[in-house]
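With our numbering applied, the sequence shown corresponds to residues 97 to 479, in that order.
The C-beta atom is built at its ideal place from N, Cα and C for all residues, glycine as well.
A quick note: this is a predicted structure, and the numbers were derived from the prediction, not measured.
Have a look at the structure below before the remarks.
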Amino acid sequence: MNKAVVGAIAGVAIVGVAGAGAVVYPQMRAKSEVQAAFANLPKGIQGSYKTVDYSLFGDKLTIGGIELAISEQQDTVTTRLDKLTISKAGKTSVGQMLGSGVSVEVNGADGRFVLNANEMAVDQVESSDGNPLTLGALNDSAAIPTVNVKRFALTGVTLDAAGEKAQLGEVFIADLVQRNKAPISLTMGLHGLVVDRNTLPDESSREGLTKLGYDKLLLNFDLSYAHAVETQRLSIKNASVSSDGVGKLSLSADLGGIPALASDDPMQAMAATQMATLERLELRYEDASLANRLLKAAAADSGMSEAQMKEMLLTELTQGAEGEQVPLVKDVVNSAGAFLANPKSLTLQMQPAQPVAIAALMMGAGDPYAAAETLGAKVFANK
């Protein structure tokens, strides 16, 4: 997904910059500028187009039949658009782009991945340092240290990864600030991922959804973070998965000791986390009927009524809390009971008195109670 979206941004966002300033001799200049841009693409990029049209009214450049292929190491990302309309394009910014008939195909060592979308909308792509905004700079050059994208969205999306297909309502990236190849600020979402019980290949999954009373689910995945490079602090504002009629599981955290990354190499990102410290973490589940559905299914399996099952579980949790000596475990059991009695939310919070090295936590994973005390862990329900 990352390469497909990045390929779409790099391959689409800057195609029409060459048409900037085409107010003088509009048709002739627009066509010659676009022709020159495609004829002088950076190494590793091949491109073509079929039509070009410039409208003085609204300062709009429209390019039809676009195809761009970007090759990097073992991967080739091919972006195609039936039509792309660019408004308010300049050498250092693009105001808006609207595309239709979008296709992004990734072929490489990991196989073939295809993303198709009915519509594309991009708002405010700019170079924040005033350097020219070019396709080559976005793809593989250090000429532009910072690129900002207000919003990039694809709607009516279908995905095909090695024959496994999925549908999405929308894929979007917003408030993107990028230095070299590493985003330092980003909000993104995959919304409306369709999970249809009848099309699931696994029989146990189909049976599980049937027991819970779900025919079709629409899943949403969201991520928002900001990296303060100067202070090496990473704030994960929200990383969540949610679905109407199910619930929402979300995580937020503040980490220290995260240096600036010079590339999008995942190994470099993993190495950087070895020096990271945990300052705060919250894991929260907000229920939207899943808890009661699970209770109903468990009662049916055991031959009990829902009321009987609930009473039995609450009794066991109450007795367990009374005999528990470890404070954290007692809080967990009490919180579980409160949630079962009135399922709204469950929250785990960690806020150590001083930042804790993640590497040290991993080394001391054999004593979870000591680790929980060090992290200042707390669990509570319905707050």
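Practice problem: Apply the 10 Å Cβ neighbour rule to Gln274 and answer buried if 16 or more other Cβ atoms are within range, or exposed otherwise. | Solution: Reading the sequence shown from its first residue, position 178 is the one you call residue 274. By the neighbour-count rule (16 or more Cβ atoms within 10 Å), Gln274 is buried.
Practice problem: Closer than 6 Å by C-beta to Leu345: which residues in its own chain qualify, once you throw out the five before and the five after it? Chain order, please. | Solution: Start at 1 with the first residue of the sequence shown, and residue 345 comes out as number 249. Closer than 6 Å at the Cβ level, and outside the excluded window around Leu345, lie Val337, Tyr381.
Quiz item: Under a Cβ-count criterion, where at least 16 other Cβ atoms within 10 Å of its own Cβ denotes burial, should Glu412 be classed as buried or exposed?
Solution: To locate residue 412, count along the sequence shown from 1; it is residue 316. It is exposed - the Cβ of Glu412 has fewer than 16 other Cβ atoms within 10 Å.
Quiz prompt | Continuous alpha helix (DSSP H) assignments of at least 4 residues falling wholly in the region 381-465 | solution = 386-398, 402-418, 423-437, 454-459
Quiz prompt | Local conformation of Asn294 per DSSP, three classes | solution = Numbered from 1 along the sequence shown, position 198 holds the residue referred to as residue 294. Three-state DSSP puts Asn294 in a helix.
Quiz item: Nearest to Lys156 by CA position, among Thr174, Val173, Phe268, Leu180, is which residue?
Solution: Locating residue 156 in the sequence shown gives position 60, where the first residue counts as 1. The candidate whose alpha carbon is nearest that of Lys156 is Leu180.
Quiz item: Cα separation between Thr147 and Ala257?
Solution: The residue you call residue 147 lines up with position 51 of the sequence shown. The residue you call residue 257 lines up with position 161 of the sequence shown. The C-alpha of Ala257 is placed about 31 Å away from the C-alpha of Thr147.
Quiz item: Quick one: is Ile269 buried, meaning 16 or more other Cβ sit within 10 Å of its Cβ, or exposed?
Solution: Counted from its first residue, the sequence shown places residue 269 at position 173. The residue in question, Ile269, is buried, as its Cβ has 16 or more Cβ neighbours within 10 Å.
Practice problem: Grab the span of the beta strand (DSSP E) containing Glu222 for me, first residue to last. | Solution: Counting from 1 along the sequence shown, the entry for residue 222 is found at position 126. Run containing Glu222: 207-223, per the beta strand (DSSP E) assignment.
Exercise. Return the CA-CA distance between Gln263 and Val290, expressed in angstroms with no decimal places.
Key: Mapped onto the sequence shown, residue 263 falls at position 167. Mapped onto the sequence shown, residue 290 falls at position 194. Whole-angstrom Cα-Cα distance: 6 Å.
Quiz item: What is the rounded straight-line gap between the Cα of Val243 and the Cα of Asp340?
Solution: On the sequence shown, position 147 is the one that residue 243 refers to. On the sequence shown, position 244 is the one that residue 340 refers to. Approximately 35 Å between the Cα atoms of the pair.
Self-check item: Straight-line gap, Lys139 to Gln169 (C-alpha atoms, nearest Å)
Solution: Mapped onto the sequence shown, residue 139 falls at position 43. Mapped onto the sequence shown, residue 169 falls at position 73. C-alpha separation (whole angstroms): 12 Å.
Quiz item: For Thr188, which three-state DSSP category applies?
Solution: Here the question's residue 188 lines up with position 92 in the sequence shown. Coil at Thr188, not helix or strand.
Practice problem: Mind reading off the beta-carbon distance from Ala434 to Ala477? Whole number of angstroms is fine, and I expect it under 8 Å. | Solution: Locating residue 434 in the sequence shown gives position 338, counting from the first residue. Locating residue 477 in the sequence shown gives position 381, counting from the first residue. So it is a contact: roughly 4 Å between Cβ atoms.
Self-check item: Ala324 - DSSP class collapsed to helix/strand/coil
Solution: Your numbering for residue 324 matches position 228 in the sequence shown. Three-state result, Ala324: strand.
Self-check item: Which listed residue (Asp171, Thr172, Ser151, Arg176) has its alpha carbon closest to that of Ser144
Solution: Here the question's residue 144 lines up with position 48 in the sequence shown. Of Asp171, Thr172, Ser151, Arg176, the residue nearest in Cα terms is Arg176.
Quiz prompt | With 16 other Cβ atoms within 10 Å as the buried cut-off, status of Asp292 | solution = What you label residue 292 is simply residue 196 of the sequence shown in a count that begins at 1. Asp292 should be labelled exposed.
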